[in-house]
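Asker:
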Amino acid sequence: EYAYTSLLDAYCKAGNLTEATKMIKEMLQAGININIVTYTTLLNGLCAEGRMREAKEVFKVMLKAGVAPDQQIYTALLHGYIKAGEMENAIEILNEIKEKNIKPDLLLYGTMVWGLCTENKLEEAERVINEMKVFGLNPNHFIYTALMDGYFKADKVKEAVAIFQEMCDHGIEISVVTCCTLIDGLCKKGLVLEAANYFGRIVDLGLEPNIAVYTALMDGFGKIGCIEKAKKLFDEILDKGISPDNAAYTSLIDGYLKCGNHKEAMKLYNRMIEVGLEIDLHAYTSLIWGFSQCGELQQAKIWLDEMIEKGILPDEILCISLLRKYYELGSEVEAVELQNELVKRGLIKQ
RNA sequence: AAGGAAAGGGCAGUA
81 EYAYTSLLDA YCKAGNLTEA TKMIKEMLQA GININIVTYT TLLNGLCAEG RMREAKEVFK
141 VMLKAGVAPD QQIYTALLHG YIKAGEMENA IEILNEIKEK NIKPDLLLYG TMVWGLCTEN
201 KLEEAERVIN EMKVFGLNPN HFIYTALMDG YFKADKVKEA VAIFQEMCDH GIEISVVTCC
261 TLIDGLCKKG LVLEAANYFG RIVDLGLEPN IAVYTALMDG FGKIGCIEKA KKLFDEILDK
321 GISPDNAAYT SLIDGYLKCG NHKEAMKLYN RMIEVGLEID LHAYTSLIWG FSQCGELQQA
381 KIWLDEMIEK GILPDEILCI SLLRKYYELG SEVEAVELQN ELVKRGLIKQ
C-alpha cells in the first residue's frame, strides 16, 4: 500500500497523470485502500498540472468516502487554486478550513502568505504572519522568501531588501531560492550591480548558484544592454557542467536580439536544437519578436508557421507585433496576406 | 523515505 502510493507520487511528480490515474484504477481493483495520503498525492498531481476541476472532483470523492480532510490536502488544494488564479475558489477553501475549525500549520500559513503576495496584498500577508506568530508558529525561509518576492513585485525594493536583512539578522535559513528571489528582484528594478554583488556572495553562504540564479542575473545584464556580461555568465554555466534550460537560452537569446545581434541569437537557437531542447512558447515568442524587430521577417515567419504546426499557438500580442513590422518593412501585399492568414486561423481579431 | 508551501525567460497597440 505504501509502495503503491510512492509509485503514484513518482508518476504525479513526473507529470504523468495518465499513468497515475491508471494506477488508481488498479489499486481499486486490487482492493487496496485509498487513504488520505493517496488522495493528496493524486490531487496534488492534478493541481500541479492546473487541472483544478479534476482535483476538486478527487476532493469530493474523498469526502463522500467519509475521509476527513486535513491540513495537507487543504494546502494542496489551496495552492492549486492560487496558482491557477482562481481566487474565489481559494477563498472558499479558506472559509471551509475556518468552518471546520482546522488549525493551519506552517505550510498552510505559508501558502496563504504566498497567495496574498502574488495578489499584491502585502499588508494582509503581514497580518497573517502576525497571526501565525500569535499561535506560536514562526515563519520560515519559505514564508520570508514569498514575502520578499511580493515586495519586489510590488515595486517596494527597500522593504524587500529589509526582509532579506531581517532573515539574516534572525538567523533564518537562506536558500538558493531566497538568493534567486533577491537577485531577480534587484535586477528587475535595474539594480543589476547590486544583484551581481549578492551573486558573488552566494558561495560564502555555502550555496551553489543553480540555473535559475544564473538566469536571473544573466537576464538582468541582458536587459541593461551588458550582453558580454550575460554571455560570460552563460559560459560559466557551461564550464560548471550545468545544462542551461529553456529559460536560460531564451533569456540570452532575448538579450542578443534586444541589441540587434540576431546572428548570435540564431547560434543559440541552433544549439538548443542540438542539445535536444524543445523550443517552447516563450522561446518562439522571443525569437519571432526579436527577429522581426531586427527586420528579419522571413525567419520570423518560418518560426511562426513552425510553432503553429506544432500546436504551440502564438498570442495576439506577438501576431500583431509581427504584422506591424510587415506593414512597416515588408511589401503591402505580404502584409495583407499575413493578416488574412492570421485572421483565418483565429489568432487575431478582424 | 507513502502526501502539502517560496525563485529565473517573451510584449504590440491603447489610454
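Using the numbering used here, you'd call the opening residue of the first sequence number 81 and step up by one each time.
Just so it is clear, CB atoms sit at the ideal spot from N, CA and C, and this is done for glycine as well.
Measure the C-alpha to C-alpha separation of T261 and E246 and round it to an integer number of angstroms.
Answerer: One C-alpha to the other measures close to 15 Å.
Asker: Sorted by chain position, which residues of the same chain lie with C-beta nearer than 7 Å to F244's C-beta, five sequence neighbours on each side aside?
Answerer: Hits under 7 Å: M228, L262.
Asker: Compute the Euclidean distance between the alpha carbons of V257 and L318, then round it to the nearest angstrom.
Answerer: If you take the alpha carbons of V257 and L318, they lie about 21 Å apart.
Asker: With a Cβ-Cβ cutoff of 8 Å, do I162 and T198 count as a contact?
Answerer: Going by C-beta atoms, I162 is nearer than 8 Å to T198.
Asker: Hey, out of L377, I388, I392, E203, whose CA is closest to R404's CA?
Answerer: Minimum Cα distance to R404 is reached at L377.
Asker: In three-state DSSP terms, what is H250?
Answerer: Coil at H250, not helix or strand.
Asker: Once the 5 residues before and after I112 are set aside, which same chain residues still bring their CB inside 7 Å of it?
Answerer: Same-chain partners within the cutoff: E81, Y84.
Asker: Which of the three DSSP states is assigned to G190 in this structure?
Answerer: Of the three classes helix, strand and coil, the one that applies to G190 here is helix, per DSSP.
Asker: So what does DSSP say about K429, is it helix, strand or coil?
Answerer: Correct three-state label for K429: coil.
Asker: To the nearest whole angstrom, what separates the beta carbons of V147 and L122, a pair I think is in contact under 8 Å?
Answerer: 13 Å between Cβ atoms; not a contact.
Asker: With C-beta atoms as the reference, is S366 less than 8 Å away from D334?
Answerer: Going by C-beta atoms, S366 is nearer than 8 Å to D334.
Asker: When the Cα atoms are used, what is the spatial distance from K268 to S323?
Answerer: Between K268 and S323, the C-alpha separation is close to 24 Å.
Asker: Going by DSSP, what residue range makes up the alpha helix (DSSP H) through D235?
Answerer: Looking at the DSSP string, D235 is not in any alpha helix (DSSP H), and its letter there is neither H nor E.
Asker: Does the distance from the CB of A442 to the CB of T295 come in under 8 Å?
Answerer: Examination of residue 442 is not possible in this model, given that the chain is present from 81 through 430 alone.
Asker: In chain order, which beta strand (DSSP E) runs of at least 3 residues are fully inside the region 138-191?
Answerer: Those beta strand (DSSP E) runs which fall completely within the region 138-191 and span 3+ residues do not exist here.
Asker: Rounded to a whole number of angstroms, what is the C-alpha to C-alpha distance between L422 and L398?
Answerer: Roughly 11 Å between the two C-alpha positions.
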